[in-house]
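>
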Amino acid sequence: MHRRKFLEGLSAGALSTFSWSGLFSAPAFADIAKKKHKHCILLWLCGGPSQFETWDPKPGKSTGGPFRSIPTNIPGIHFSELMPRCASIADKLAVVRSMKTAQKEHTQAINLLQRGNKERPPFVRPTMGSALAEQLGQLGSRIPNFILLDPCPEGNEFKGFKAGNWAGWLGAEYSPVRVGGEFKIPDTDKLDSITDGDHEARAELRKFYSKKFENETKSSAASSYNATFERVRGLMSCADLFNLDRLPEEDRVRYGPGTFGQHALLARNLVEEGAPFVMVANGMPWDTHVFNHEIYQMVVPDLDNIIFQLVKDLEDRGLIDDTLVVAMGEFGRTPWINQARGRDHYPNAWSLAMAGSGIKGGAVVGATDELGVDVIDSPFDERNLFATIFSALGIDPHSEYNLPNFPTFHRVEEKIEPIKGVLL
Amino acid sequence: MKVELKKIREIKFPSHCLSLALDQDQTIYASCLEGGVFIVGENNKNPEKIINHDNFSSGVSLCGDNIISSDYDGIVKWSRLSNYKNIRQIKAHNFWSWQSAASPDNKKFGSVTGQYLVGGYKYEPAKEKEPSVRVYDTVSGEPIYSFEHTPPVQSIAFSNDSRYLAAGNLMGEVRVWDLTNGEMVSKWRTDNFTGWGIIKGHYYTGGIFSIEFSPDDSSIYIAGMGSTRDPAAGNGKQLWEKYSWRPQEGAPKLLSSALDSEIGQGLMEVIKFHPSKKFFLMAGRMFKGNWNTALFDANKGKILCSQDSGMRCSDAIFNKDGTRLYIAGGKSQSKKIKEGSGSWGRVLEYEVSISEES
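Just so you know, the protein sequences line up as chains A and B, in that order.
If you're matching positions, the first sequence starts at 1 in my numbering and goes up one per residue.
If you're matching positions, the second sequence starts at 1 in my numbering and goes up one per residue.
Given below as structure tokens:
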């Protein structure tokens, strides 16, 4: 957490359960602190981005489409011509070209790539954001541990997912704080008629009685409510961090005027201020069943610029070694063009990219055949990916969740290995 | 009036056919996504490749002794009609030539371009980086005009007297220029042809995909897809609209449009008048409904006949006496693509029968 915000939070919460000395005398603090300065930004490319127009182009082939490939600054590695900026920083990115997963419908695939394991009802595995919030975050932090920046209230299948249970067995306190629309959190201003002292006193009184009720009734609803209330209290102290108007105009121009770029800039700012996990979503623009090339001429250059600016900024700010950036969707798109000149869902062979914390820049792992139909080298699935993400952030991917009265669950089951080729 | 279409030939091409031309011998010239321009003679079913393009070939026109073809590299090629030999090649645009056309007097050739790049919070298109419309002399290949528009500009048409040029874009904006002096003489925008996606992704799709002057040049017809909340589904109305455009008649005005009761959903990519001037064709893709190819009465705007061609239609042309209709398009690329793409491009030939109803 950013030191200034951390101290602001402590001073504002004089009556809270935290204390400076108590915090630092905690025996596990040293271990926790190692992870606490790690961050993750997930650029969630919902709908399923085409590997052909991004990381794994097949120019001149029947599946390649109209876009050419361009050389990157890694000899022999080419990206789509729609990604010149990423090509110029390929030595800072790691690309996996051999993702092979099993779900080809959005709802199931979003679940799979957000949770990292197959479903096992009735147990609900936490999403990547919730799992990392629990590991990287800090209870009582004024900045939410899991922030979802998402301006689009709709999103078909993603809309359904958003309404579901993100945190699973970790509980409501690890579900995301969702910010969208005009990038401002509504209803977080303290009324002028209430003094700071009154505000704190009322909060403590509310907390005392509600905790008592929660303990006496063992009510999970009350627990969730209390967690939510605490989060809103925290948000009141950092709501200005979500205000894009506070960011330098020059930065806003660099990230591009579209909502995805503006949200990515906000993510950078939030990470700089200490947020452990920020997910940037933007509806499902990558789901191009109609006019794949006509839409990708726009969305890919936008993504290209966003990744470039994000990596550059994190580097300039000394945050890149502690911040993992992941750009991925729930699957790729078909090699063949359908009648509507679109590409359909394709989990058999797709790509994603990562940069930053724990990641070996310039690594390009796995390969597909000349038409991009099948993975021909090093297939990886969602479990390999999640093991990689946990490992890159210093978290043991195979550790058990502490879940009394539950079956044994691990962060990644069956000791599936991370994608070692992309890890430092 | 009763009009009937009877399919008499189906010609398979290696890939989707984007554009068509036809000579007096009924030889078909088709530009395809892969490979370039192909020809097929009358009563033949085997296309022969005559002009190579390194990227998707988007346009083909016959101009006197030459074939002029364009592609997604922004390249325009002049080839001899007699031997298909390339005689000139110019780089017209830095992005795709979305569509191109030759003037009816064969003196001018126009091509439109423009990459859709993020220009605003809601993904409004950014301003053009190069002129979106270029006009060339068909004989010398010299540029005559460069016109500004908002990219991407997806459709182009010359007036029947070859004096005016009209071009329509993604955002439903039409601009018309007088080619005697290069002045823009008309400009209007309709929101009916563009969709902003609140459901899946907020960007714009659709736009005006085909534009055509009425036979007397007094009005302009535009075709595309009606507005939709989910542009990625391609489920807007199958739509055409007719506008007045001459400056002396005041501001451009919507005169008529496709009737809601007769249309389904899907992107319409071509609108073309029959030589009789009594009716016109609109064709494209069917998302929902029962037709993707229809002939409309030019006076009443009602459908005279319609059918599902079983493919996505991208261009169409009537022969000179109006007895034949040729529609270009394509099906899906084969899913067994490792065994080859299959021949997924199509040109369908129809016999057109017209009779006066009692």
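Just so it is clear, CB atoms sit at the ideal spot from N, CA and C, and this is done for glycine as well.
Kindly say whether Ala28 (chain A), judged by its beta-carbon, lies nearer than 8 Å to any beta-carbon of chain B.
Interpretation of Ala28 (chain A) is limited by its pLDDT of 47, a score under 50 that renders its predicted location unreliable; no figure is taken from the coordinates.
> Taking just the CA atoms, how far does Trp336 (chain A) sit from Trp344 (chain B)?
Looking at the two C-alpha atoms, the distance is approximately 11 Å.
> Closest to Cys17 (chain B) by C-alpha separation, out of A:Val412, A:Ala340, A:Asn405 and A:Ile416, would be which residue?
Nearest of A:Val412, A:Ala340, A:Asn405 and A:Ile416 to Cys17 (chain B), Cα basis: A:Ala340.
> Among residues of its own chain, excluding the 5 on either side of Ala102 (chain B), which ones have a beta-carbon nearer than 6 Å to its beta-carbon?
Cβ neighbours of Ala102 (chain B) beyond the five flanking positions: Ser61, Cys63 and Phe109.
> Can you grab the Cα-Cα spacing for the pair Phe38 (chain B) / Asp54 (chain B), in whole Å?
Rounded to the nearest angstrom, the two C-alpha atoms are 14 Å apart.
> Return the residue from the list B:Ile87, B:Ser57, B:Thr194 and B:Phe13 that minimises the CA-CA distance to Asp73 (chain B).
Nearest C-alpha to Asp73 (chain B): B:Ser57.
> Name, please, each residue of chain A whose Cβ falls closer than 9 Å to the Cβ of Thr205 (chain B).
Within 9 Å Cβ-Cβ: Val290, Phe291, Glu294 and Ile295.
> Closer than 9 Å, Cβ to any Cβ of chain A: which residues of the segment 24–38 of chain B, in chain order?
Within the segment 24–38 of chain B, the qualifying residues are Leu33 and Glu34.
> For Ser130 (chain A), which residues of its own chain have a beta-carbon under 8 Å away from its beta-carbon, when the five flanking residues on both sides are left out?
So the list reads Phe146, Trp166, Ala167, Gly168, Leu170, Tyr174, Ser175 and Pro176, once near-sequence residues are dropped.
> How would you call Leu259 (chain B), buried or exposed, if buried means at least 16 neighbouring beta carbons within 10 angstroms?
Exposed, since its Cβ has fewer than 16 Cβ neighbours within 10 Å.
> Identify whether Ser426 (chain A) lies in helix, strand or coil by the three-state DSSP scheme.
Residue coverage of chain A in this structure runs from 1 to 424, which leaves residue 426 (chain A) outside it and unanswerable.
> Mind pulling the chain A residues with CB within less than 8 Å of His16 (chain B)?
Simply Ile337 and Arg341.
> Are the CB atoms of Gly332 (chain A) and Ser50 (chain A) nearer to each other than 8 Å?
Cβ atoms of Gly332 (chain A) and Ser50 (chain A): closer than 8 Å.
> Tell me, to the nearest whole angstrom, how far the beta carbon of Ile220 (chain B) is from that of Tyr243 (chain B); I am working on the premise that it is less than 8 Å.
About 5 Å; that satisfies the 8 Å criterion.
> Select from the segment 369–390 of chain A all residues with a C-beta closer than 7 Å to any C-beta belonging to chain B, and list them in chain order.
Flagged, chain order: Leu371 and Val373.
> Does DSSP put Phe183 (chain A) in a helix, a strand or coil?
In this predicted model, Phe183 (chain A) has a pLDDT of only 37, less than 50, meaning its place in the structure is not dependable enough to derive any value.
> The segment 47–65 of chain A: which residues have C-beta closer than 8 Å to a C-beta of chain B, in chain order?
Those residues of the segment 47–65 of chain A that come within reach of chain B (Cβ to Cβ, closer than 8 Å) are Gly47, Ser62 and Thr63.
> Decide yes or no for the touch test of the segment 39–49 of chain A against the segment 275–290 of chain A: beta carbon pairs closer than 8 Å, at least 3 of them.
Yes, the segment 39–49 of chain A is in contact with the segment 275–290 of chain A.
> Looking at the strands, I want to know which residues DSSP matches up with Gly399 (chain B).
Residue 399 (chain B) is absent from the model: chain B starts at 1 and stops at 358.
> What residue does the alpha helix (DSSP H) around His263 (chain A) start on, and which one ends it?
His263 (chain A) -> alpha helix (DSSP H) spans Thr259 to Glu272.
> In the DSSP assignment, the beta strand (DSSP E) including Lys415 (chain A) goes from what residue to what residue?
Element bounds for Lys415 (chain A): n/a, residue is neither H nor E.
> Check whether the segment 385–399 of chain A touches the segment 414–422 of chain A, taking contact to mean three or more Cβ pairs, one atom from each stretch, closer than 8 Å.
With the cut-off at 8 Å, the segment 385–399 of chain A and the segment 414–422 of chain A touch.
> By how many angstroms is the C-alpha of Leu310 (chain A) removed from the C-alpha of Arg268 (chain A)?
Taking the straight line joining both Cα atoms gives about 7 Å.
> Does the beta-carbon of Glu351 (chain B) have 16 or more other beta-carbons within 10 angstroms, so that it is buried, or is it exposed?
Glu351 (chain B) should be labelled exposed.
> Report the CB separation of Ile90 (chain B) from Gly141 (chain B) in whole angstroms; it is logged as a contact under 8 Å.
Confirmed, Cβ separation roughly 6 Å.
> Within its chain, find whatever has a CB closer than 7 Å to the CB of Thr408 (chain A); leave out the 5 residues flanking it on each side and keep chain order.
Contacts found: Glu400.
> Beta-carbon of Pro75 (chain A) versus every beta-carbon of chain B: anything under 8 Å?
For Pro75 (chain A), the answer is no, since every Cβ of chain B falls outside 8 Å of its Cβ.
> Check whether chain A comes within 8 Å of Gly201 (chain B), counting only Cβ atoms and requiring the distance to be less than that.
Judged by the 8 Å Cβ criterion, Gly201 (chain B) is in contact with chain A.
> Answer yes if the segment 323–332 of chain A comes into contact with the segment 344–356 of chain A, meaning at least three C-beta pairs across the two stretches below 8 Å, and no otherwise.
They touch, by the three-pair rule.
> Cα separation between Glu148 (chain B) and Gly120 (chain B)?
Approximately 19 Å between the Cα atoms of the pair.
> Excluding five sequence neighbours on each side, which residues of the same chain lie with their C-beta closer than 8 Å to the C-beta of Glu128 (chain B)?
Result list for Glu128 (chain B): Gly114, Glu148, His149, Thr150 and Pro151, in chain order.
> Taking 8 Å as the limit between beta carbons, can you name the residues of its chain near Pro71 (chain A), skipping five residues before and five after?
These residues qualify, in order along the chain: Ile77, His78 and Ala87.
> Can you tell me whether DSSP reads Lys427 (chain B) as helix, strand or coil?
Nothing in the structure corresponds to residue 427 (chain B), since chain B is present only between 1 and 358.
> List in chain order: all unbroken beta strand (DSSP E) runs of 3+ residues lying wholly within the segment 157–224 of chain B.
164–169, 173–178, 183–189, 194–196, 204–206 and 208–213, all fully within the segment 157–224 of chain B.
> Hey, quick one: how far does the beta strand (DSSP E) through Gln99 (chain B) stretch, first residue to last?
Per DSSP, Gln99 (chain B) belongs to the beta strand (DSSP E) from Gln99 to Ala102.
> Give me the residue from B:Tyr123, B:Val174, B:Glu42 and B:Asp137 with the minimum Cα distance to Val76 (chain B).
When only C-alpha atoms are compared, the closest one is B:Asp137.
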